[in-house]
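Take the sequence shown: its position 154, counting from 1, is numbered 153 in numbering that gives the first Met the number 0, and each next residue is one higher.
C-beta: ideal position from N, C-alpha, C; glycine also.
For clarity, every value in this text was computed on a predicted model and none was experimentally measured.
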Amino acid sequence: MLAALRQSARFSLLPPPMKYLLLTALLVTTAASSPAVDPKPDLAADRSFVLDGVQKIAAPGSPGAVCAFGPQAFALVGGKEGKTALLPVVAATHWEKGRVVAFGHDGYLGAFAEADTGRLLANAVRWAGGAAPKAKAGVLKNAPLLAHLKTQGLAADALPDSDWSGKLRGLEAVVIDARAIGEKDVEPLAKFVRAGGGLVIAATGWGWSSLHPGRSLATDFPGNQLLAPSGILFAEGTPDPTFQRGYDVGVALPLLTAGAALDAVMGQAKAPLARDDSTQAGVTLSHALRSLPVGDPVFLPRLAALRAAPGAARQPTPAQPLKASDALARLVLTQELETLKRTKPEQLRAHPAADTFPGAVPKAAPRLAAQKLLIDARIPGWHSTGLYAAPGELIRVQVPPAVADKKLAVRIGCHTDALWHLEEWKRQPEISRREVITAAQTVAANPFGGLIYLDVPESAAGAGAFEITIAGAIAAPRFILGQTSVMEWKTRLRNLPAPWAELETGKVILSVPSEKIRQLDDPDALMALWDRILDAEADLATIPRQRPRPERIVPDVQISAGYMHSGYPIMTWLDKSVEQSLSAAQMKAGSWGHFHELGHNHQVGDWTFDGTTEVTCNLFSLYVSETVCGLPAGSGHDAMKPDAVAARLQKHLDSRASFERWKGDPFLALTMYNQLRAAFGWEVYQKVFAEYRALPKEQRPKNDDEKRDQWLVRFSRAAGKNLGPFFVAWGVPTGDTARASIAELPAWMPADWPKR
């Protein structure tokens, strides 16, 4: 029946989400008539079997989350989500007569030599193959893993490269990277597992999403088309390691499965949850709601009754945030936002929380007729429009037919930080919206409103310059250095009605609440200073001052991490830092936070090793503070005052120059880098950075040991001094070969180096 459905002409014309719903419904219906299986397997015993002899596993890259939501699904290994909660990175399930184990990163199929990952993979194959000690497993296109499984006593064979999913007869288990699955493979694999076969599968959910913008991980990814009826899915999210290089395999994790978490939340009247358990249940359920397709028939119907529960309809505000322990309210809000995310623009309405943030639109603000804008597709990223979409109101965007297939998108809202993982929500955890353009005319809307952008991918550069029109929007204050006259700004533009404004150059764009710029009299001088800051960052990084796209800085009532964080856009809190960014005098006096986050955006991994992520970015803070702000060299932050530096350094030396201490104190490590600056000048840094930038791929460092060694050698040669003794005195480890390669250079130590 499945084959007949897939081969029908009508089925081939359906969008992937509808295909998913039909296939899932048919699989569920078929399951009801399949041969009887044990409805209550011993999941605790299953988990013990798979984890036998496993204490820690690797974290290859950034593993993604696995959502375990079916009644026979269970979490095997969890990673940190927030302060106390976990999300599965490895999960398993029974599926009718068969079994599935899912790993949240494709790299797990190559990480068998790290920690106990190899033992876990072998156990997973045995369990999936019916707990047979020598289960016969087929492995697809992975000779090293095949060899490893054979060393573990398994009867492993290579699957043929072509038509592999049709040649599963005689196997007890299959091990595959989900990226190899096409839609044609879903049915034969599902049939194999449901009939009693085993499946060990790996994929990186967030990675697939990043490569397929505008598509649904739940419904468009063939790996999830296969797995969803089993009760597990590859999901968004990147659970953090629970130790430095991977994940501890701890005690049972019952609240990491959506069914158990829902039972716990619904049963709170009889058995109130402890705070951490409530937090965990809320995180699990929120993640499940964001992972499952809207028509899921297995789990989502159970949530319908929760909406009417007391306390379920609360909305977060800065004054009254929703905390992780408010599991029910957060769950209902998550369901509401997921529904809005899937609602067509024409059916959206203004959300009542929009007035709180990002802000109310004046009732009398006129909606503009078609506004023409010139877009240069050679500049990737968000193109500002000077227009604002009122909450819930449609805007209409027209592009030339020739660019309708270039994967352009309309973005409404600059506040792109998602807050799902945080312990408390001070606003709705997701408030921006992006509509992919697939035709010459597109409608878009956002229930929260926001500034309007045309989002241009790098692949569209060949389209050159073209004109678009946007109708139905509200005018927003916008200043462009070199184009907007200060007189026009003061007399008209700064008073336009939208609640958010933008100040723009070709190098940086500030998005700020309009109320903050109503009295700004000289945006010309302010943005010229910002250009000097960006030029200084480029100069130290040894990149051209003319950028591929401007950096962006956006303040928010709550951000996803830290006091500020880097990225596109750089995010800051909506506090005094906004006033600082809008004051030429304050910026000229130094703004370490802004310079620091811009530094992150100019940081290069080749010369940033473990312990220096929050250090090498501050070289840019020092450089801008000195060259643009005119502050004394090596200053710009209280922690870099001479007395503080001396005390910190002496404490480090008194502790026998512990490298762990060095890595744990960014300003201690920065002191070492600043000593090099004081002795050899910024010119040597620039010479070394340029050298790294020109390195061919094969010469780039491949791990932390090589990064430290190359930094020592390259800086020593650029400075003409042997810095080996200096690194040893600081306790920064380097290899014998690296130190020997610079032994012919004269040894160097700072003249004022403290004696122990």
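### Exposure of Q602, with buried meaning 16 or more beta-carbon neighbours within 10 Å
Result: buried.
### Query
What is the DSSP secondary structure of V614, counted as helix, strand or coil?
DSSP places V614 in coil when its eight states are reduced to three.
### Proximity below 8 Å, CB of L119 to CB of V192
No, they are not a contact pair.
#### Entry: Proximal residues to I56 (C-beta, below 7 Å), its chain only, five neighbours per side dropped
Correct list, in chain order: V76, A114, D115, T116, L119, G245, Y246 and V248.
### Message
Would G197 and E171 qualify as a contact pair, given that the criterion is a beta-carbon distance under 8 Å?
### Response
With contacts defined by Cβ atoms closer than 8 Å, G197 and E171 form a contacting pair.
### Task
Tell me whether the beta-carbon of V88 lies closer than 8 Å to the beta-carbon of V124.
Contact flag unset, no.
### Task
Pick out whichever of T150, A110 and I200 has its Cα sitting closest to the Cα of A90.
The candidate whose alpha carbon is nearest that of A90 is I200.
### Query
Would you say P296 and E423 are within 8 Å of each other, going by their C-beta atoms?
Going by C-beta atoms, P296 is not nearer than 8 Å to E423.
### Task
Answer with buried or exposed for Y562, where buried requires no fewer than 16 other C-beta atoms within 10 angstroms of its C-beta.
Exposed is the call here.
### Task
Could you spell out where the alpha helix (DSSP H) holding Q397 opens and where it closes?
Here Q397 belongs to no alpha helix (DSSP H); instead the beta strand (DSSP E) covers I394 to Q397.
### Message
Just to confirm before moving on: does the CB-CB distance between P365 and G448 stay below 8 Å?
### Response
No; because the gap between Cβ atoms is not below 8 Å, this pair is not in contact.
### Task
Please classify A717: does DSSP put it in a helix, a strand, or coil?
In the displayed model, A717 falls within a helix according to three-state DSSP.
### Residue(s) in a DSSP beta bridge with T256
For T256, which the question treats as bridged, DSSP gives the partners A67.
### Query
Just the Cα atoms here: how many angstroms apart are K650 and M639?
Roughly 15 Å separates the two Cα atoms.
### Message
Considering just the uninterrupted stretch of the alpha helix (DSSP H) at R676, what are its terminal residues?
### Response
R676 -> alpha helix (DSSP H) spans P665 to R692.
### Task
Measure the CB-CB distance between L167 and G137 and report whether it falls below 8 Å.
Against a cut-off of 8 Å, the Cβ pair of G137 and L167 comes out as a contact.
### Task
Write down every uninterrupted run of the alpha helix (DSSP H) in the region 265 to 306 whose length is 4 residues or greater and which is fully enclosed by it, in chain order.
Entirely contained in the region 265 to 306, the alpha helix (DSSP H) runs reaching 4 residues are, in chain order, 274 to 290.
#### Entry: CB of T256 within 8 Å of CB of F73, strictly
Taking the C-beta atoms as reference points, F73 is found nearer than 8 Å to T256.
### Query
For the putative contact between G222 and A177, defined by C-beta atoms under 8 Å, what is the C-beta separation to the nearest angstrom?
So it is a contact: roughly 3 Å between Cβ atoms.
### Message
I'd like the span of the alpha helix (DSSP H) that includes Q440, first residue to last.
### Response
Premise fails: Q440 lies in the beta strand (DSSP E), Q440 to A443, not in any alpha helix (DSSP H).
### Query
Quick one, which of L252, L288 and P547 has its alpha-carbon nearest E235's?
Selected option, being the one with the closest Cα: L288.
### DSSP beta-bridge partners of D162
Note: D162 sits in no beta bridge, so no partner.
### Task
Give me the Cβ distance between S285 and W419, rounded to the nearest whole Å; I'm assuming they're in contact under 8 Å.
Rounded to the nearest angstrom, the Cβ distance from S285 to W419 is 6 Å, consistent with a contact under 8 Å.
### Query
What residue range is occupied by the uninterrupted alpha helix (DSSP H) comprising Q649?
Unbroken alpha helix (DSSP H) run through Q649: P641 to D653.
### Message
For a quick check, are the C-beta atoms of W126 and F48 less than 8 Å apart?
### Response
Yes, these two residues count as a Cβ contact at 8 Å.
### Task
Less than 8 Å between the CB atoms is what I'm expecting for R548 and G380, so what's the real figure, rounded?
Contact holds; Cβ gap of about 4 Å.
### Message
Going by DSSP in three states, D37 sits in which element: helix, strand or coil?
### Response
Annotation note: pLDDT 49 at D37 (below 50); position unreliable, coordinate value reported separately. Reduced to three states, the DSSP call for D37 is coil.
### Query
Would you say L757 and Q279 are within 8 Å of each other, going by their C-beta atoms?
In this structure the chain extends from 0 to 755, so residue 757 is not present and cannot be described.
#### Entry: Counterpart residues of T468 in DSSP-defined beta bridges
DSSP lists K371 and Q397 as partners of T468.
### Query
Name the DSSP beta bridge partners of E434, please?
Beta bridge pairing from DSSP links E434 with V409.
### Cα-Cα separation, R692 to P476
Put simply, the backbone Cα of R692 is about 39 Å away from that of P476.
### Query
Among D704, S740, D735 and R707, which residue has its Cα nearest to the Cα of G719?
Nearest option by C-alpha distance: S740.
#### Entry: Residues of its chain near G471, where Cβ-Cβ distance is below 7 Å and the 5 sequence neighbours each way are ignored
The residues are R366, E392, L393, I394 and R395.
### Query
Under 8 Å between C-beta atoms, does I469 make it to chain D?
The displayed structure is made up of one protein chain only, and chain D is not part of it.
### Query
Where do the N-terminal and C-terminal ends of the alpha helix (DSSP H) with L486 fall, by residue?
Residue identity differs from the one stated: residue 486 is Met in this sequence, not Leu. Boundaries of the alpha helix (DSSP H) around M486: V485 to T490.
### Task
Under the assumption that I757 contacts R551 (Cβ atoms under 8 Å), give the Cβ distance between them as a whole number of angstroms.
Past the boundaries of the shown model lies residue 757; the chain is included only from 0 to 755, so the question cannot be answered.
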